[in-house]
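Worksheet: one structure, shown below.
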Amino acid sequence: MHSRIHNFGAGPAVLPLPVLEEAQRDLLALPGVGMSVLEISHRSGPFKKVLDEVTANLKQLLEAGDEWEVLFLPGGATLQFAMVPLNLLPAGGSANYIVTGSWSAKAVKEAEKLGFTAHRAWDGKAEGYVRVPAAGEVHLDPSGGYLHYTSNETIHGVEIGSAPASDGQLLVCDASSDFLSRPIDLGAHALIYAGAQKNAGPAGVTIVLVRKELLPRSPANLPSMLSYQVMAAEPSVHNTPPVFPIYVVMLVSRWLLGEIGGLDAMAERNREKAALLYAAIDASDGFYRPHARPDSRSLMNVTWRLPSEELEGRFLAAAKAQGLDGLKGHRSVGGIRASIYNALPRESVEALASFMAEFRAKEA
Ligand code: PMP
272 MHSRIHNFGA GPAVLPLPVL EEAQRDLLAL PGVGMSVLEI SHRSGPFKKV
322 LDEVTANLKQ LLEAGDEWEV LFLPGGATLQ FAMVPLNLLP AGGSANYIVT
372 GSWSAKAVKE AEKLGFTAHR AWDGKAEGYV RVPAAGEVHL DPSGGYLHYT
422 SNETIHGVEI GSAPASDGQL LVCDASSDFL SRPIDLGAHA LIYAGAQKNA
472 GPAGVTIVLV RKELLPRSPA NLPSMLSYQV MAAEPSVHNT PPVFPIYVVM
522 LVSRWLLGEI GGLDAMAERN REKAALLYAA IDASDGFYRP HARPDSRSLM
572 NVTWRLPSEE LEGRFLAAAK AQGLDGLKGH RSVGGIRASI YNALPRESVE
622 ALASFMAEFR AKEA
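Numbering (this note's numbering), first residue to last: 272 to 635.
Written out as structure tokens, the structure reads:
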């Protein structure tokens, strides 16, 4: 048995231990198949079973009906920044974007690069991305084809808790860093996408849920790999998909349905874990300085600063020496970021909260 540290990395991130153990156990041969999942055709019966199960499990977890297509696509969430406008808008069309941090800003840039107009319906940049908008602050361009938002900004640690009003426009969500961490109001959405490598599995696959009625919008001249319609025609096997990441997402979805008991139970665990860390910050008499405003705090990525960069450096080094790793904030924001995704055990968060109290007692 290898010893595992407390992994607070932002992604690729910690995976559930039972999932890793099962993947390891069955790596040489899938039960009853006699070959590894790494070695079988993506069009074989056993892999079709994997795709069918992961699709059914995700639909069950998210309570998605037959109107939803579930796709497993390459290219990361970054490719979705382009695929969303390319498939949902006419050439040169416009859409609304809520900009709550670096990732939504990147989605805007990618749409603009392709000749679309991205109307910033709300932009938190001038305030340093410390909060998400209140309902009345989002101003939509009525001619927009959709409203895009990022439910959790992984770098800044601000999270939009419930679907924003889209005034009848299609609602599109980049849920990369809080996908499967809590139930989602699917009814409000037209399309949701998430790179797998935070809560859902390893890097290399992006999960897209799209309403089937939108598929005919994909322009016929799009490259096949960029077309939702083509990718849905033979779901996720138009070409060779990332079979191993998809298999691990299947194991994670089983773990969520089985051991965890669904997304309500997962959300409860996540709220408890986040509360432990925010309590440690709030009890620190200003030694730990949270980035996000209290009403916008992320349950997945907790971000804060210390009184000086020098102290931050010592905090990170001392934490690492105690087996608390991955805590360095993103280079664009600095400070500390604790990513506390689904698979991170509560004990890891408790260990970090105690370390924070000890470090403050010594250094404040
Ligand atoms: N959106 C969000 C919210 C993210 O956190 C990330 C990755 N950290 C991305 C998009 C980009 O994802 P990828 O690296 O899979 O393209």
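Here a beta-carbon is modelled for each residue, glycine too, at the ideal position from N, C-alpha and C.
Relative to the non-hydrogen atoms of the ligand PMP, the Cβ of Gly347 comes within a distance shorter than 7 Å of at least one. A straight line joining the alpha-carbon of Ser274 with that of Ser437 spans about 47 Å. The alpha-carbon separation between Leu480 and Lys633 amounts to approximately 49 Å.
Under the DSSP assignment, Thr388 falls in the beta strand (DSSP E) whose first and last residues are 388 to 394. Proximity to Gly557 across Ala628, Met306, Ser365, Lys469 peaks at Ala628, based on C-alpha coordinates. Put simply, of Leu385, Phe387, Val379 the residue whose alpha carbon is nearest the alpha carbon of Asp394 is Val379. In this structure Leu299 is not in contact with Val308, their Cβ atoms being roughly 10 Å apart against a cut-off of 8 Å.
Within the same chain, and ignoring the five residues on either side of Tyr559 in sequence, the residues whose Cβ sits closer than 6 Å to its Cβ are Ile552, Trp575. Non-local C-beta neighbours of Trp526 in its own chain, meaning closer than 8 Å and more than five positions away in sequence, comprise Pro287, Pro289, Val290, ordered along the chain. Set against 7 Å, the gap from the CB of Asn423 to the closest heavy atom of the ligand PMP is smaller.
Per the C-alpha coordinates, the member of Gln468, Leu522, Pro361 positioned closest to Glu293 is Leu522.
Relative to the ligand PMP, even the nearest heavy atom lies 7 Å or more away from the CB of Thr371. Within the DSSP secondary-structure output, Thr477 pairs in a beta bridge with Leu344, Gly466. Where Thr574 is concerned, the enclosing beta strand (DSSP E) starts and stops at 572 to 576. Your pair Tyr368 and Arg391 checks out as a contact, with CB atoms roughly 6 Å apart and the cut at 8 Å. Of the residues assessed, Gly584 falls on the exposed side of the cut-off, its CB having fewer than 16 other CB atoms within 10 angstroms. Taking C-alpha positions only, Lys469 is separated from Pro454 by approximately 16 Å. When secondary structure is reduced to three states using DSSP, Val520 falls in the helix class.
Rounded to the nearest angstrom, the gap between the Cα atoms of Phe630 and Lys599 is 16 Å.
Secondary structure at Asn358: helix, using DSSP grouped into helix, strand and coil. The C-beta distance from His460 to Val604 rounds to 28 Å, too long to meet the 8 Å contact threshold. Distances between the C-beta of Gly280 and the heavy atoms of the ligand PMP are all 7 Å or more. Rounded to the nearest angstrom, the gap between the Cα atoms of Ser448 and Asn613 is 10 Å.
For Asp445, the Cβ falls inside the 7 Å cut-off from some heavy atom of the ligand PMP. With a contact defined as Cβ atoms closer than 8 Å, Gly533 and Gly347 miss out at about 27 Å. Look at Gly597: its beta carbon is at least 7 Å from all of the heavy atoms in the ligand PMP. The secondary-structure analysis by DSSP pairs Ser365 across a beta bridge with Thr388.
A contact between stretches requires three or more CB pairs, one per stretch, nearer than 8 Å, and the stretch 498 to 511 fails this requirement with the stretch 404 to 422. Beta-bridge annotation (DSSP): Glu539 is not paired with any residue. If you compare the alpha carbons of Thr388, Val520, Gly458 with that of Gly336, the shortest gap goes to Gly458. Taken through DSSP and simplified to helix, strand or coil, Tyr420 comes out as strand.
DSSP places Arg631 in no beta strand (DSSP E) but in the uninterrupted alpha helix (DSSP H) bounded by 617 to 634. As for any alpha helix (DSSP H) of minimum length 4 sitting wholly inside the stretch 480 to 513, the runs are 499 to 504, ordered along the chain.
Taking 8 Å as the cut-off, the Cβ atoms of Leu357 and Leu570 do not count as close. Relative to Ala471, the option among Asn278, Arg602, Gly282 whose CA is nearest is Gly282.
Closer than 7 Å to some heavy atom of the ligand PMP: that does not describe the Cβ of Thr574.
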